[in-house]
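Enquirer: Below: one structure in structure tokens.
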Amino acid sequence: MRPALLDVVGLATLGGLVVFCLRLDEFQPLLYKGGFVAVGLTTAVLVAVIAHPRSRVGSLLLGWRPLRWIGERSYGIYLWHWPVFMVTRPGLDVPLDGATLLALRLAVTLLLAHLSYRYVEQPVRHGALGQAWRAFRETDRPLRRGPGLRWAAAATPVAALCVVIGVAVARAEAPEPPAYLAMQEIHTATDPAPDTSADDPAGEDAPQNAPPPEDKNRQEAAAEPAPKRDPAEGGKRSGKQDRTDAKNAREAGAVEKARKEPAVAPASAGPVSAIGDSVMVGAAGPLQREVEEISTLDAEVGMQVSYAVDVLRSRRDSGQLGETVVVHLGNNGVFTRKQFEEMMRVLADVDRVVFVNVRVPRPWETPNNEVITSGVSRHPNAELIDWYSAGVGRPELFVSDGVHLQPPGQRLYAAMISERAGSD
């Protein structure tokens with residue numbers, strides 16, 4: 001192949017990989033619908049071009065000394081970047097964010113990778129382990145008297161460590177859930193008051209707490225100890241299972257509803273409805289005190305957007321949605337544009353939909369907030385509460401995970417929602 005053609009192919013594939021790195025991330029469906037295959041094929045072609053002896057892309061461009069330095073330490077960079085990023089969470093572990101924090105993280109990662117390359121990788125590559133083993137075997141110490149003693153000396157500390165770890169694991173007890181997650185879920189509702197002109201003696205005493213149709217069985221199950229789930233990882237509930245459970249529950253509730261549903265469509269349940277995940281569960285007390293107009297509150301540890309849409313649809317169909325709906329979702333996983341639009345179709349007839357963006361030190365924080373912000377700008381009945389900005393530089397509002405709230409954070413959270421969603 002001609003050198004010029006090699007260079008063209010090499011530059012094209014290298015540019016393609018740069019575009020993939022800048023435009024694709026783990027939250028885009030395209031990555032899983034051919035994206036990985038495209039990246040793999042592009043990489044294979046680029047490697048073939050670089051390996052060709054007549055390629056100038058490899059020798060001149062990718063052979064640049066700083067790039068060679070990074071390449072030699074690339075595996076160490078890969079290993080070290082994760083712990084470095086985990087102990088330098090913005091606003092929690094360090095009072096930095098943005099480009100400054102990124103520069104610090106990269107500098108620390110490169111330093112650690114270089115030290116491990118120089119003092120661990122290189123010595124091992126040049127036979128340091130073999131030399132140490134030969135020196136051990138040739139020593140004149142009493143341990144040299146027999147191979148059995150040498151093996152026993154090596155195996156004893158390993159066996160002791162295994163015993164200690166085994167005993168610790170066998171006797172370990174699951175930790176108690178933190179105070180802010182003592183309650184796994186909340187589902188409250190006030191049914192709309194009946195027409196007082198009817199011959200119903202209940203009058204204004206009719207309102208009562210009741211979950212949406214598919215939540216009746218869930219509320220009974222809530223009386224038993226709830227399983228422990230990681231709030232930041234979204235628990236073990238899958239979106240597909242959520243939709244299946246909600247669909248089955250709605251079908252079962254529809255039979256009962258058909259017998260009791262009045263001839264006219266029910267009116268709005270009250271001024272405010274709220275739905276959220278474990279952050280809202282933890283702040284439910286202050287929130288209900290600050291926003292007395294809340295008529296329905298659905299908050300659950302690990303709630304995903306797909307399940308929340310089903311809950312909102314059920315509330316709407318049963319006439320239990322308020323004139324204002326507060327939505328705080330996206331702490332436990334991806335909140336896509338498609339899900340946002342599906343939710344807004346369910347809430348199309350609601351006067352105001354107040355979205356609270358997320359403050360969660362996870363990879364989906366930025367894309368979720370972008371989806372929420374752009375979605376609010378597209379819908380005239382949608383508004384935004386910038387919870388993310390409210391938490392910047394204020395670690396005292398959060399517990400150690402940087403997501404759930406201390407009492408001061410709960411009060412601020414409730415006050416911000418009350419200011420926007422409460423009565424004027």
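The opening position of the sequence shown corresponds to residue 1 in the UniProt record's numbering, with each subsequent residue numbered one higher.
Just so it is clear, CB atoms sit at the ideal spot from N, CA and C, and this is done for glycine as well.
Determine whether the beta carbon atoms of Leu297 and Ala274 lie at a separation below 8 angstroms.
Expert: Yes, the pair counts as a contact, with Cβ atoms nearer than the cut-off.
Enquirer: Quick one: what's His187 bridged to in DSSP?
Expert: His187 is bridged to Asp298.
Enquirer: Relative to the alpha-carbon of Ala12, which residue among Ile50, Leu31 and Glu26 has its alpha-carbon at the smallest distance?
Expert: Nearest C-alpha to Ala12: Ile50.
Enquirer: With Thr109 and His81 assumed to form a contact (beta carbons below 8 angstroms), what rounded beta-carbon distance in angstroms separates them?
Expert: Their Cβ separation, rounded to whole angstroms, is 5 angstroms, which keeps Thr109 and His81 in contact under 8 angstroms.
Enquirer: Just list the alpha helix (DSSP H) runs in the segment 86-130, keeping only unbroken ones of 4 residues or longer that don't cross its boundaries, in chain order.
Expert: You should have 98-116 and 122-125.
Enquirer: So what does DSSP say about Val327, is it helix, strand or coil?
Expert: DSSP places Val327 in strand when its eight states are reduced to three.
Enquirer: I need the DSSP call for Ser273, collapsed to helix, strand or coil.
Expert: If DSSP states are grouped into helix, strand and coil, Ser273 belongs with the strands.
Enquirer: How long is the line joining the alpha carbons of Ala252 and Ala113, rounded to whole angstroms?
Expert: Because Ala252 carries a pLDDT of 47, less than 50, the predicted location of this residue cannot be relied on, and the following value inherits that uncertainty. Whole-angstrom Cα-Cα distance: 58 angstroms.
Enquirer: Among Val334, Ala382 and Leu102, which one has its Cα closest to the Cα of Met86?
Expert: Out of Val334, Ala382 and Leu102, Leu102 has the C-alpha closest to the C-alpha of Met86.
Enquirer: Between which two residues does the beta strand (DSSP E) containing Ala382 stretch?
Expert: It spans Ala382 to Ile385 - the beta strand (DSSP E) in which Ala382 sits, taken as one unbroken run.
Enquirer: Any idea what DSSP makes of Phe335, helix, strand or coil?
Expert: Coil, per DSSP.
Enquirer: Where does the unbroken alpha helix (DSSP H) through Val360 begin, and where does it stop?
Expert: Careful: Val360 lies outside any alpha helix (DSSP H) and carries neither H nor E.
Enquirer: What is the DSSP secondary structure of Arg316, counted as helix, strand or coil?
Expert: In this structure, Arg316 counts as helix in the three-state DSSP scheme.
Enquirer: Whole-angstrom Cβ separation of Ala390 and Leu412, contact assumed at under 8 angstroms?
Expert: With a Cβ gap of about 7 angstroms, Ala390 and Leu412 count as contacting.
Enquirer: Between the alpha carbons of Phe20 and Gly63, how many angstroms are there, rounded?
Expert: Taking the straight line from one Cα to the other gives about 22 angstroms.
Enquirer: Of the choices Lys338, Val358 and Arg394, whose alpha-carbon is the least far from that of Pro29?
Expert: Looking at the Cα atoms, Lys338 is the closest of the given residues.
Enquirer: Please list, in chain order, all residues of the same chain as Val9 whose beta carbon is under 7 angstroms from its beta carbon, the five residues on each side excluded.
Expert: Excluding sequence neighbours, Val9 sits near Val45 and Val49.
Enquirer: If you draw a straight line from the alpha carbon of Val353 to that of Thr373, how long is it in whole angstroms?
Expert: So the two alpha carbons sit approximately 13 angstroms from each other.
Enquirer: Using a Cβ-Cβ cutoff of less than 6 angstroms, which residues in the same chain neighbour Ala303 once the five nearest sequence positions on both sides are dropped?
Expert: Residue identity differs from the one stated: residue 303 is Met in this sequence, not Ala. Asp277.
Enquirer: Buried or exposed: where does Ala198 fall if 16 or more other Cβ atoms within 10 Å of its Cβ makes it buried?
Expert: Note on Ala198: pLDDT 40, under 50, position unreliable in the model; no value is reported.
Enquirer: Among Pro3, Val39 and Pro361, which has the Cα closest to the Cα of Val18?
Expert: For the residues Pro3, Val39 and Pro361, the minimum Cα distance to Val18 belongs to Val39.
Enquirer: Using a Cβ-Cβ cutoff of less than 7 angstroms, which residues in the same chain neighbour Arg54 once the five nearest sequence positions on both sides are dropped?
Expert: Counting only Cβ-Cβ distances below 7 angstroms, and skipping sequence neighbours, we find Pro3 and Leu6.
Enquirer: Check this for me: beta carbons of Thr336 and Val371, under 8 angstroms apart or not?
Expert: Yes, Cβ-Cβ distance for Thr336 and Val371 is below 8 angstroms.
Enquirer: Determine the closest residue to Arg359 out of Leu111, Asn332 and Ala415, with distance taken between C-alpha atoms.
Expert: Answer by Cα proximity: Asn332.
Enquirer: Excluding the 5 residues flanking Val334 on each side, which residues of the same chain have their C-beta closer than 6 angstroms to its C-beta?
Expert: Answer for Val334: Phe27 and Trp364, listed in chain order.
Enquirer: Note the first and the last residue of the continuous alpha helix (DSSP H) segment covering Val371.
Expert: Looking at the DSSP string, the run of the alpha helix (DSSP H) that includes Val371 is Glu365 to Arg378.
Enquirer: Take the Cβ of Thr156 as the centre, count every other Cβ of all protein chains shown within 10 Å, and call the residue buried at 16 or more, exposed below.
Expert: So Thr156 counts as exposed.
Enquirer: I need the DSSP call for Val346, collapsed to helix, strand or coil.
Expert: If DSSP states are grouped into helix, strand and coil, Val346 belongs with the helices.
Enquirer: What are the partner residues of Leu6, as DSSP defines its beta bridges?
Expert: Answer is none; Leu6 lacks a bridge partner.
Enquirer: Once DSSP output is grouped into helix, strand and coil, what is the label at Glu72?
Expert: Three-state result, Glu72: helix.
Enquirer: Please report the residue range of the beta strand (DSSP E) in which Arg352 lies.
Expert: Looking at the DSSP string, the run of the beta strand (DSSP E) that includes Arg352 is Arg352 to Val356.
Enquirer: Is Trp280 near Ala308, with beta carbons less than 8 angstroms apart?
Expert: The identity of residue 280 in the sequence shown is Met, whereas the question assumes Trp. Cβ atoms of Met280 and Ala308: not closer than 8 angstroms.
Enquirer: When the Cα atoms are used, what is the spatial distance from Ser400 to Ala135?
Expert: Spanning the two alpha carbons is a distance of roughly 48 angstroms.
Enquirer: Pop quiz: Val272 and Ser295 are said to be a contact at Cβ under 8 angstroms. What is the actual Cβ separation, rounded to whole angstroms?
Expert: So it is a contact: roughly 6 angstroms between Cβ atoms.
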